[in-house]
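Participant:
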Ligand code: MSK
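Numbering (our numbering), first residue to last: 352 to 1001.
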């Protein structure tokens, strides 16, 4: 059947978030394609306030019991109060979110071991990082092959998942003062999986009924995520697939190609995308694509599987979480290959409207209506070839194609090691210039803007509004996940975005040639932010703990339970963290006050919620200024014009 190219027009755009996405959605809707837009419109029931505020208990068959705090009769049949129920629900969200990263970390460790033993096509690439991890885990390196070192390291790391006693190793990377606090509180995670199991036990009917004690275990579990499984995933992925360095790439729907076989990778684990990236360049595969009339294979990403290969290989990103169905609605995708997390079940119905094959690859995430082809790292390349050939086989079935002419250049790949080299130079890599610029006030502080984009708001726009406000106020911004994709679409990940920055930040960015918004990777790579904050502390001059650094974080459009776990480990690490639109404990003022106010006394970090993006940024700026004030670096300094020698020094 002849392929029809539908010209892209902007006439029907109603101007929400991403114009290109809106137009694709509207045209697809006219063809009867149902996406999240129709599902949201068709929802008969509005969100339940008890569910939204965390005060609905369905942990036993007496209920569900819904609580209204301060109404004496409004307690559970068992006597549970609103604060207990909200704390149990909050802890379960942390457990679910953390377990996603823990299972990811475990899978990475298994692949790492397999690579070290030569049982799969992946390799030990970053030997420098291998050696630094080996030192951390007390693995001897002298006179040993990299594979030998990696096997012992992998086995030690894998053992931490089932560990019952002692504490995890990664938290020993945190500033000494933070480690001492965790030790004093008893919050150091004992084993990765153990902390999730304990939350599930404590939240079982009739067990832990003290909201403070429940939040304590949620903290220990969240730390087992951020300073445990997520950090393990990031570091082992870097060793196997290389540590990201700055690379140019392109984002948004326009990265899909009219004359190539488009394969979209979606989810979180990088194994499938890495294998697909290798296979897509094989001459036999390119020849097979040409045989069906395509010019070759165009690999593109969605969500964090996309971010993983974007950061390391410059593979373009077609869309963020909210855009996943839009990507299929272009009609230009031959196959979407998914692994785990953030994959909408609605994709299966959208795929049916086109020639697209939706393929699940993980035994942990199957979808009715999708093809399941299990990915085993031992047969990574064979499976990747099979997946690619299936996509090629669909190319001739393409019909309507509506690819918006919208894409944006980005510079990505800012691992914390890159920041070190970028600011300090190759030979004296150091955070000193960053610290000095924070101390002298050119950079006011550091803001992390992370997490999902949401279809409950003007998707992506909340992120970009927060980010623009922060950089305009000289706050250097770090982004990960779908926040990074939203910023990429808006052109904020280019060095040219320095024009939007305040004078101090702009001066630093222009001198170094870096964007004011640094893409640090996927969701598990929020662990890079923890290490970056630790490096700032280690460099000196900005306090001796993360809680003293002029820094703050936010997840303006959060939606997943992973976000709650990430937020909690950031709070427990000493950060001020603001979430957008809604917070899952607001049904209990007692618990919310504890999380938003009292926690600051206990661990130096605390939560907040704010819907207005400008105010959210201002809250972060006020916190940064509070920290500057405490460090005695808040006084305004005279602006100095840089001569050549000073620029070289910078
Ligand atoms: S993918 S967790 S929607 S950032 Fe990591 Fe995006 Fe949030 Fe999923």
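Note that CB positions come from ideal geometry on N, CA and C, so glycine has one too. Predicted model, so just to flag it, every value in this text is computed and none were measured.
#1: Kindly indicate which three-state DSSP category residue 646 falls into: helix, strand or coil?
#2: Have a look at residue 441 and residue 743 and give me their C-alpha separation to the nearest angstrom.
#3: Below 7 Å CB to CB, which residues in the same chain sit around residue 911 once its five sequence neighbours on both sides are set aside?
#4: Give a yes or no on whether the C-beta atoms belonging to residue 650 and residue 666 are separated by under 8 Å.
#5: What's the gap between the Cα of residue 830 and the Cα of residue 818?
#6: Mapping DSSP to helix, strand and coil, what is residue 722?
#7: Mind the definition here: the stretch 874-888 touches the stretch 578-592 only if three or more C-beta pairs lie below 8 Å; say whether that holds.
#8: Tell me whether the beta-carbon of residue 766 lies closer than 8 Å to the beta-carbon of residue 801.
#9: What is the DSSP secondary structure of residue 764, reduced to helix, strand or coil?
#10: Please determine whether the Cβ atom of residue 619 lies at a distance below 7 Å from any heavy atom of ligand 1.
#11: So, does the stretch 836-852 touch the stretch 532-546, judging by three or more C-beta pairs under 8 Å?
#12: What distance in whole Å lies between the Cβ atoms of residue 691 and residue 713, which are believed to be in contact at a cut-off of 8 Å?
#13: Would you mind sorting residue 557 into buried or exposed? The rule is 16 or more other CB atoms within 10 Å of its CB.
#14: Which residues in the same chain have their Cβ closer than 6 Å to the Cβ of residue 654, if we skip the five residues on either side of it in sequence?
#15: Give the range of the beta strand (DSSP E) segment to which residue 711 is assigned.
#16: Run through the DSSP bridge pairs and tell me what residue 958 is partnered with.
#17: Near residue 962, what residues of its chain come up, given a Cβ to Cβ distance below 7 Å and the 5 sequence neighbours on each side ignored?
#18: Could you check where the alpha helix (DSSP H) with residue 570 kicks off and where it finishes?
#19: By the 10 Å Cβ neighbour count, where 16 or more other Cβ atoms means buried, how is residue 638 classified, buried or exposed?
#20: Distance check for residue 812 and residue 755, CA to CA, integer angstroms please.
#21: Do you know how far the Cα of residue 893 is from the Cα of residue 459?
#22: For the alpha helix (DSSP H) containing residue 836, list its first residue and its last residue.
#23: Figure out for me which residue from 951, 939, 955 and 545 has the closest Cα to the Cα of residue 401.
#24: In whole angstroms, give me the CA-to-CA distance for residue 757 and residue 554.
#25: Quick one: using the 10 Å Cβ neighbour count with 16 as the cut-off for buried, is residue 703 buried or exposed?
#26: In whole angstroms, give me the CA-to-CA distance for residue 663 and residue 873.
#27: Starting from residue 436, follow the alpha helix (DSSP H) in both directions and report where the run begins and ends.
#28: For residue 965, is the classification buried or exposed, using 16 other Cβ atoms within 10 angstroms of its Cβ as the cut-off for buried?
#29: Is the separation between the beta-carbon of residue 497 and that of residue 481 shorter than 8 Å?
#30: Counting only runs of 4+ residues fully inside the stretch 525-554, write out the alpha helix (DSSP H) ranges in chain order.
#31: What do you reckon, is the C-beta of residue 833 under 7 Å from a heavy atom of ligand 1?
#32: Using a Cβ-Cβ cut-off of 6 Å (strictly less than) and excluding sequence neighbours within five positions of residue 849, which residues of its own chain qualify?
#33: If we ignore side chains and look at the alpha-carbon of each, how far apart do residue 814 and residue 491 end up?
#34: So if DSSP puts residue 759 in a beta bridge, which residue, or which two residues, is it bridged to?
#35: Tell me whether residue 948 is buried or exposed, calling it buried when 16 or more other Cβ atoms sit within 10 Å of its Cβ.
#36: Starting from the Cα of residue 968, find the closest Cα among 416, 798, 979 and 465 and give me that residue.
Facilitator: Reading it off the structure:
#1: coil
#2: 45 Å
#3: 448, 693 and 803
#4: yes
#5: 9 Å
#6: strand
#7: yes
#8: no
#9: coil
#10: yes
#11: no
#12: 5 Å
#13: exposed
#14: 617, 672 and 693
#15: 708-711
#16: 928
#17: 931 and 932
#18: 562-575
#19: exposed
#20: 19 Å
#21: 34 Å
#22: 832-840
#23: 939
#24: 47 Å
#25: exposed
#26: 11 Å
#27: 433-467
#28: exposed
#29: yes
#30: 527-536 and 543-553
#31: yes
#32: 857, 860, 861 and 867
#33: 45 Å
#34: 602
#35: exposed
#36: 798
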